[in-house]
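Notes for the one structure printed next.
2 protein chains.
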Amino acid sequence: MQLDHATTEQLRQWEAELSSQYEAFRASGLTLDLTRGKPSAEQLDLSNALDGILGGDYAAGEVDTRNYGGLEGIAEARALFASVLDAQPEEVLAAGNSSLTLMHQTALLDLHFGAGSAAGDWPGWAAEARASGGRIKFLAPVPGYDRHFGICEHLGIELLPVPLTDQGPDMDAVEAAVQADPLIKGIWCVPRFSNPTGIVYSADTVARLARLARLAGDHFRVFYDNAYAVHAFSEDAPELASLLDCCRREDTLDSVYLFGSTSKITLAGAGVAFMAASPANLTRLRRHMGFAQIGPDKVNQLRHVRFLRDLDGIHAHMARHAELLRPRFELVLDKLRQNLAGLGEWTEPKGGYFVSFDTRPGLAATVVRMAAEAGVALTPAGATWPHGHDPEDRNIRIAPTVPTLAEIDQAMEVFVTCVKLASVRQALQG
Amino acid sequence: MQLDHATTEQLRQWEAELSSQYEAFRASGLTLDLTRGKPSAEQLDLSNALDGILGGDYAAGEVDTRNYGGLEGIAEARALFASVLDAQPEEVLAAGNSSLTLMHQTALLDLHFGAGSAAGDWPGWAAEARASGGRIKFLAPVPGYDRHFGICEHLGIELLPVPLTDQGPDMDAVEAAVQADPLIKGIWCVPRFSNPTGIVYSADTVARLARLARLAGDHFRVFYDNAYAVHAFSEDAPELASLLDCCRREDTLDSVYLFGSTSKITLAGAGVAFMAASPANLTRLRRHMGFAQIGPDKVNQLRHVRFLRDLDGIHAHMARHAELLRPRFELVLDKLRQNLAGLGEWTEPKGGYFVSFDTRPGLAATVVRMAAEAGVALTPAGATWPHGHDPEDRNIRIAPTVPTLAEIDQAMEVFVTCVKLASVRQALQG
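Protein chains in written order, with the working numbering: chain A, 11 to 440; chain B, 11 to 440.
Shown next, in the form of structure tokens:
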């Protein structure tokens, strides 16, 4: 469909045909869902052996995992997850079931507590902001992950969008922003298989993120949510350069927090979250976290260690996920390629959980509404932007992991029909 | 030993004998520990069946516990833990492994977030304090639990000690305090088998706590940590009146937060924490918690539901704990009764995890130090008071759950010798 050179008559003919197709979908009573960035039941089944894997042996070395203590997690879990984040075990904190909780805690700590009373005199970002009469801000590469933005919205941190390119955040824009405003204290990053575009940060982007604190000041932090660190489903998926190695070279280890979890490795609700940070940051975090907890669920950590064993074990396990995910993503991309050339732009991810689709400007909300009326739920338009506001109204996040192939086939037929119809109607009005 | 009517000569003789005994202990190289309020390995063994209990069936009704979601916990866990807190299931939030985390989150929410932007206009305690130029304060019944005090210390909330009687907090003092100072916004309570004294709040105390908001204002909260709700080890242990029933009668449901966990029912590090609150408070809490997590570990909640089943199942399980705990507490109390009449005061708990011992004034730190030098670790003197400062230097918390009976026997021999010797030396100096 070559919209831009079509005659009005041709456009009207397409509109009629597509309307008819669309009405047929509406009449067929579909209930399909492409909203949820979560694993399917088949994926979860891959980890069913977790429960019961301990066989009554709850010992992690000398530690009885059943009892209290060990705020930083068991040594075996720290070592395992260090391998995922390309960190040293002593840089890693193994925690509860939610990396989002770790991110919220870390941001809250830096905002309201700073160094705390026991180390130095930094009172935290909020005090810096009060002293200068401004607001704390984070850079939000867009499109991005709504729950990252939600943490900032909850804590009263302003979000400044910066473009996400196919190499990662537009680092020229990032560097210019932090130099222009010292109250920019953080940036949200999903460096491998970015949510939602699926891109992988280039080595140059990673190196520039590691140098960013030089421009942004001592209390700037890169919130590096490596949620999909091992979540490739194509063999030619790009590797990610090691942020911590770059930071070691640049002497900027204090400027980065790395996060991850097994939510999309084992069980989405009952996995283990982890983070890596410099020794100074970890000491500070542990001290503060110690007021709010005695320790994480070490038994579940031990289950994960016994089940996944090591990085090779994780990769072998992820290959089984890939078998389930690859055909789903291929089907989505085939539908887009076959139907929507010229009517939108999309990414072709090699891993992760999403395909990001950009309609022609001004159509995303319309497409999502039309799809909903035809029984296909999509993530709300704008959700990938701070405060849910996509200024060009273009971005739609497609999450194909939960539905079956047959469901994806049907849902994508509806989706492409909605995009075509909305585009044709727009062209007729234009 | 009747110190107060003894001659100096008699005191000197006792001092010599006790010094000799004490030096013998010192020379014997003991390493015993009465510090830890945690279950023994034998107690933890009672719950070993938790891991593997699901047998591959992760479904809680229609909910796949393995996946994301369900911020308030699974319905089955909410119902089970409602029975522990004498609450309605819809008033209960089933959470992660730490009730301390729930308390910290709740206090932080009321301090810095208040009602949030979506409901009403209450900006939180901190804003109230700024407006009036004062500090937020909590009442701390003493002796009490150091981790409660730690939450306030972390959040910058001032702690005002009030006496803990054998009926609960001195409610005359509590009521007078909240009427005198509107910036008193909370009180810490461990209503059954109080940490460390083991007392159970009387029905009158519970009723007066339920009425307290009438005197203390709309934003006052009772932090009611019912950590030992079902932790009786004697059959004649007093029951606790229902705080929520009292609140329903008084229309003060919004003024109380109830907390509990299975840390000392199943596994100390891998249990399930829970809380009960009014619908209005739960809605507010859920909204805020939703920025920091997607949901708790529902798989572990389901394990607990399958393992404990219902309140009868919990009581039957706790009876097995009681078999292990009762002789330990009896041994401690026998040693105190046989040796320390007139040299201190102590409680005789019917449940919980501690015996609280008060030395003669000015001796607690000395006794703890002497015991440590003889190889018996005791909780630091003062730990049961805010900021670790016991103004009369009297209170020592004895935690006998972990050591074996033989170890308790030896440790208590050392303890009573230290108390006697310190008391005799004090009498000689007086």
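Beta carbons are placed, not taken as given, at the ideal position from N, Cα and C, and that holds for glycine.
**Study point:** Residue span of the beta strand (DSSP E) that contains B:VAL266, given as start and end
**Key:** Here the question's residue 266 of chain B lines up with position 256 in the second sequence. Element bounds for B:VAL266: 266 to 271.
Review point. In this structure, what does DSSP give as the bridge partners for A:CYS3?
Key: Residue 3 of chain A cannot be examined here, being either before or after the span of chain A that is shown, 11 to 440.
Check your understanding: Any idea what DSSP makes of B:PRO133, helix, strand or coil?
Key -> Counting from one through the second sequence, the residue named residue 133 of chain B turns up at place 123. Three-state result, B:PRO133: coil.
Review point. From this set, A:LEU350, A:GLU417, A:ALA37, A:ALA375, which residue's C-alpha is nearest A:GLN12's C-alpha?
Key: Counted from its first residue, the first sequence places residue 12 of chain A at position 2. When only C-alpha atoms are compared, the closest one is A:LEU350.
**Study point:** A:ALA129 versus A:HIS298 - alpha carbon distance
**Key:** Mapped onto the first sequence, residue 129 of chain A falls at position 119. Mapped onto the first sequence, residue 298 of chain A falls at position 288. Confidence at A:ALA129 is low in this model, with a pLDDT of 47, below 50, so its placement is unreliable and no value can be given for it.
Practice item. Give the interface partners of B:ASP303 over in chain A, defined as CB-CB distance under 7 Å, in chain order. Key: Your numbering for residue 303 of chain B matches position 293 in the second sequence. Position check: residue 303 of chain B holds Gln in this sequence, whereas Asp was assumed. Residues of chain A passing the Cβ test: SER108, LEU110, THR111.
**Study point:** When B:LEU353, B:ALA70, B:ASP320 are compared against B:PHE441, the one with the closest alpha-carbon
**Key:** The structure shown does not extend to residue 441 of chain B, since chain B is modelled only from 11 to 440, so the question has no answer here.
Review point. Is the beta carbon of A:HIS229 sitting closer than 8 Å to the one on A:TRP135?
Key: In the first sequence, counting from the first residue as 1, residue 229 of chain A sits at position 219. In the first sequence, counting from the first residue as 1, residue 135 of chain A sits at position 125. Contact: yes.
**Study point:** chain B residues whose Cβ lies nearer than 7 Å to that of A:TYR78
**Key:** Locating residue 78 of chain A in the first sequence gives position 68, counting from the first residue. By Cβ distance, chain B contributes LYS48, ALA278, GLY279.
Exercise for review: With a threshold of 16 other CB atoms inside 10 Å of the CB of A:HIS327, please say whether the residue is buried or exposed.
Suggested key: In the first sequence, residue 327 of chain A corresponds to position 317, counting from 1. With 16 or more Cβ atoms within 10 Å of its Cβ, A:HIS327 is classed as buried.
Point to revise | For B:TRP24, three-class secondary structure by DSSP | key: One-based indexing of the second sequence puts residue 24 of chain B at position 14. If DSSP states are grouped into helix, strand and coil, B:TRP24 belongs with the helices.
Review point. Are the beta-carbon atoms of A:VAL232 and A:LEU219 separated by less than 8 Å?
Key: Position 222 of the first sequence, counted from the start, is the residue given in the question as residue 232 of chain A. Position 209 of the first sequence, counted from the start, is the residue given in the question as residue 219 of chain A. Yes; because the gap between Cβ atoms is below 8 Å, this pair is in contact.
**Study point:** Neighbouring residues, chain E, relative to B:LYS308 (Cβ below 8 Å)
**Key:** No chain E is part of this structure, whose protein chains are labelled A and B.
Exercise for review: Report yes if the C-beta distance between B:GLY398 and B:TYR78 is below 8 Å; otherwise report no.
Suggested key: Here residue 398 of chain B refers to the residue found at position 388 when the second sequence is read from its first residue. Here residue 78 of chain B refers to the residue found at position 68 when the second sequence is read from its first residue. No, the Cβ-Cβ distance between B:GLY398 and B:TYR78 is not below 8 Å.
Check your understanding: Does the beta carbon of A:GLY167 come closer than 8 Å to any beta carbon on chain B?
Key -> As a first step, residue 167 of chain A is located in the first sequence; it is residue number 157 there, counting from the start. Rather than Gly, the amino acid found at residue 167 of chain A in this sequence is Ile. Taking Cβ atoms only, chain B never reaches closer than 8 Å to A:ILE167, which makes this a no.
Exercise for review: Using alpha carbons as the reference points, say which of A:PRO99, A:LYS345, A:VAL429, A:HIS331 lies closest to A:HIS241.
Suggested key: Residue numbering aside, residue 241 of chain A sits at position 231 when the first sequence is read from its first letter. Selected option, being the one with the closest Cα: A:HIS331.
Point to revise | Reduced DSSP secondary structure (H/G/I, E/B, other) of B:ASN58 | key: Counting from 1 along the second sequence, the entry for residue 58 of chain B is found at position 48. Residue state, collapsed to three classes: helix.
Review point. If we cut at 8 Å on Cβ distances, does A:HIS331 have a partner in chain B?
Key: By one-based count along the first sequence, residue 331 of chain A stands at place 321. Not an interface residue.
Review point. When you compare only the Cα positions, how much space is there between A:ALA302 and A:ASP246?
Key: Numbered from its first residue, the first sequence carries residue 302 of chain A at position 292. Numbered from its first residue, the first sequence carries residue 246 of chain A at position 236. Rounded to whole angstroms, A:ALA302 to A:ASP246 spans 43 Å at the Cα level.
Point to revise | Where the beta strand (DSSP E) through B:VAL1 begins and ends | key: Residue 1 of chain B is absent from the structure shown; chain B starts at 11 and stops at 440.
Exercise for review: Report yes or no: is there a C-beta of chain B within less than 8 Å of the C-beta of A:LEU54?
Suggested key: Taking the first residue of the first sequence as position 1, residue 54 of chain A is located at position 44. It does; some Cβ of chain B falls within 8 Å.
Review point. Out of A:PRO151, A:HIS15, A:LEU119, A:ARG46, which has the shortest C-alpha to C-alpha gap to A:ILE408?
Key: As a position in the first sequence, residue 408 of chain A is number 398, starting the count at 1. Nearest C-alpha to A:ILE408: A:ARG46.
Check your understanding: Got a sec: is the Cβ-Cβ distance from B:ASN58 to anything in chain A below 8 Å?
Key -> Reading the second sequence from its first residue, position 48 is the one you call residue 58 of chain B. Answer yes: the Cβ-Cβ gap between B:ASN58 and chain A drops below 8 Å somewhere.
**Study point:** Collapsed DSSP secondary structure at A:ARG8 in the structure displayed
**Key:** No information on residue 8 of chain A is available, as it lies outside the stretch 11 to 440 that chain A covers here.
Exercise for review: Report the neighbours of B:GLY70 on chain A: residues whose CB is nearer than 8 Å to its CB, in chain order.
Suggested key: What you label residue 70 of chain B is simply residue 60 of the second sequence in a count that begins at 1. Correcting the residue identity first, residue 70 of chain B is Ala in this sequence and not Gly. Those within 8 Å of B:ALA70 in chain A number zero; the least Cβ separation is about 11 Å.
**Study point:** Euclidean distance between Cα positions of A:TRP132 and A:HIS122
**Key:** Residue mapping note: residue 132 of chain A aligns to position 122 of the first sequence, counting from 1. Residue mapping note: residue 122 of chain A aligns to position 112 of the first sequence, counting from 1. Between A:TRP132 and A:HIS122, the C-alpha separation is close to 10 Å.
Point to revise | Limits of the alpha helix (DSSP H) - the one that A:VAL104 falls within | key: Walking along the first sequence from the start, residue 104 of chain A turns up at place 94. Note that residue 104 of chain A is Ala in the sequence shown, not Val. No alpha helix (DSSP H) holds A:ALA104; the beta strand (DSSP E) holding it covers 102 to 104.
Exercise for review: Evaluate contact between the region 313 to 326 of chain A and the region 51 to 69 of chain A, counting only Cβ atoms and requiring at least three cross-stretch pairs below 8 Å.
Suggested key: yes
Review point. Can you tell which of A:ARG258, A:ALA16, A:ALA237 has the C-alpha that lies nearest to the C-alpha of A:THR276?
Key: By one-based count along the first sequence, residue 276 of chain A stands at place 266. For A:THR276, the nearest C-alpha among the options comes from A:ALA237.
Check your understanding: Is A:ALA128 close to chain B, meaning its C-beta is less than 8 Å from at least one C-beta of that chain?
Key -> Reading the first sequence from its first residue, position 118 is the one you call residue 128 of chain A. At A:ALA128 the pLDDT is 47, less than 50, meaning the model places this residue with poor confidence; the figure from the coordinates comes in the next sentence. No, because no Cβ of chain B sits closer than 8 Å to the Cβ of A:ALA128.
Review point. Can you round the beta-carbon distance between B:ARG76 and A:ALA105 to whole angstroms, since I take them to be within the 8 Å contact cut?
Key: As a first step, residue 76 of chain B must be located in the second sequence, where it is residue number 66. As a first step, residue 105 of chain A must be located in the first sequence, where it is residue number 95. Between A:ALA105 and B:ARG76 the Cβ distance is about 19 Å, and since that is not below 8 Å, they are no contact.
Check your understanding: Which partner residues does B:LYS48 have in the DSSP bridge list?
Key -> As a first step, residue 48 of chain B is located in the second sequence; it is residue number 38 there, counting from the start. Paired residue(s): none; B:LYS48 is not in a bridge.
**Study point:** A:GLU101 burial status per 10 Å Cβ neighbour count (16 or more: buried)
**Key:** Looking up residue 101 of chain A in the first sequence gives position 91. Buried, by the Cβ-count rule.
**Study point:** A:LEU149 versus B:LYS147: straight-line alpha-carbon distance, rounded
**Key:** Locating residue 149 of chain A in the first sequence gives position 139, where the first residue counts as 1. Locating residue 147 of chain B in the second sequence gives position 137, where the first residue counts as 1. Their backbone Cα atoms lie some 37 Å apart in a straight line.
Review point. Between A:GLN20 and the rest of its own chain, which residues show a CB-CB distance below 8 Å, the 5 nearest in sequence each way excluded?
Key: Taking the first sequence and counting its residues from 1, one reaches residue 20 of chain A at position 10. For A:GLN20, where only same-chain residues beyond five positions count, there are no Cβ hits under 8 Å.
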